[in-house]
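In my numbering, the protein residues as written are 59 to 358. Here the structure is laid out as structure tokens; the discussion comes afterwards.
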């Protein structure tokens with residue numbers, strides 16, 4: 059794909075972005091409900107192990123190739139470590155200490171890390187359009203984080219873990235663009251979930267008791283099921299599809315609507331209370347999204 063075709067989100071991928079935004083946005087609420095009864099390593103083991111299993115079963119049933127070329131395993135493991143292992147552990151432990159909407163806001167500071175890294179390491183150009191999108195998006199994030207500062211003082215470890223997750227996600231996204239794994243998107247997604255989950259599976263076996271899963275309430279189990287089938291099996295495929303189809307800058311800015319969904323789902327289902335910063339940030343984020351979703355008109 060040439061550079062110009064990566065500078066805005068193609069119309070054919072709008073539905074992918076819409077689905078990803080809703081599913082991952084609401085997932086902050088689903089995760090918060092799930093980890094109320096399910097231990098962190100056990101929860102992530104269910105998400106990654108069963109999520110990858112669903113994808114592998116679909117690929118097998120549809121006759122798609124699953125093989126990874128031998129020379130691609132190193133790249134796959136490196137990307138999986140940052141995008142899957144680090145992200146999932148840091149988020150789940152940080153979320154336990156923060157409201158779901160606030161955790162989503164902190165996690166989606168990812169563009170602030172990814173865009174400068176993409177300029178330095180990938181040679182992407184920071185055009186005026188991208189700069190406008192980044193400025194609007196970060197204005198929305200800053201507005202929301204501004205109200206979070208006092209809360210962060212009460213839970214610094216949770217905030218630092220979620221910010222660390224944002225940084226590792228940015229690194230993984232850069233690595234995915236710089237060292238692409240030459241396999242179909244669905245197969246790559248399944249393998250990333252499986253391989254990235256290995257350290258987490260080991261942690262669950264050594265540190266937690268799986269038998270306690272039987273004591274989990276119905277809401278927590280439903281939250282886990284939501285993660286397995288939607289937030290992991292489908293949404294990770296959608297995420298990799300988007301990340302491999304457009305530039306890092308466009309991909310990063312396209313994700314900025316997700317924490318807005320996270321904030322309002324937390325309000326609706328968990329009783330969290332957004333105020334004027336959340337509503338004002340929504341306008342900024344929508345403006346940022348428009349800079350990468352709406353194609354730029356070509357000069358005559």
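Note that the Cβ used here is the ideal one computed from N, Cα and C, for glycine as well.
Supposed contact pair residue j and residue i - C-beta distance, whole angstroms, cut 8 Å
i	j	result
residue 123	residue 179	Going by Cβ atoms, the distance from residue 123 to residue 179 rounds to 30 Å, so no, they are not a contact pair.
residue 195	residue 346	4 Å
residue 74	residue 296	5 Å
residue 165	residue 119	The Cβ separation is near 33 Å, so there is no contact.
residue 147	residue 102	7 Å
residue 163	residue 199	7 Å
Where residue i sits in the DSSP three-state scheme
i	result
residue 312	helix
residue 49	Only positions 59 to 358 of the chain appear in the structure, and residue 49 is not among them; the question remains open.
residue 204	helix
residue 339	helix
residue 260	helix
residue 193	helix
residue 317	helix
residue 155	coil
residue 183	coil
residue 126	coil
Residue i vs residue j beta-carbon contact at 8 Å
i	j	result
residue 310	residue 83	no
residue 313	residue 168	yes
residue 100	residue 287	no
residue 78	residue 341	no
residue 201	residue 335	yes
residue 258	residue 106	yes
residue 95	residue 275	yes
residue 90	residue 280	no
residue 250	residue 142	yes
residue 130	residue 239	yes
Same chain, Cβ closer than 6 Å to residue i, five either side skipped, listed in chain order
i	result
residue 291	109, 112, 113
residue 140	226, 229, 230
residue 137	230, 233, 234
residue 284	88
residue 61	Interpretation of residue 61 is limited by its pLDDT of 45, a score under 50 that renders its predicted location unreliable; no figure is taken from the coordinates.
First and last residue of the uninterrupted alpha helix (DSSP H) at residue i
i	result
residue 87	72-92
residue 276	276-284
residue 243	243-254
residue 227	214-236
residue 142	Counting along the chain, residue 142 falls outside any alpha helix (DSSP H), and DSSP gives it neither H nor E.
residue 121	Unbroken run through residue 121: none, as it is neither H nor E.
residue 431	The shown model of the chain, from 59 to 358, leaves out residue 431, and the question about it has no answer.
residue 160	158-165
residue 301	293-301
Cut-off 7 Å between Cβ atoms - residues of its own chain near residue i, not counting five sequence neighbours on either side
i	result
residue 298	243, 246, 247
residue 301	231, 234, 309
residue 117	124, 244, 245, 248
residue 215	155
residue 189	none
residue 157	324, 330
residue 271	96, 100
Residues near residue i in its chain [Cβ-Cβ closer than 8 Å; skip 5 each side]
i	result
residue 59	Here residue 59 scores only 42 on pLDDT, less than 50, and its place in the model should not be relied on; the value that follows carries that caveat. Same-chain partners within the cutoff: 303.
residue 145	223, 226, 227, 230
residue 315	79, 83, 343, 344, 347
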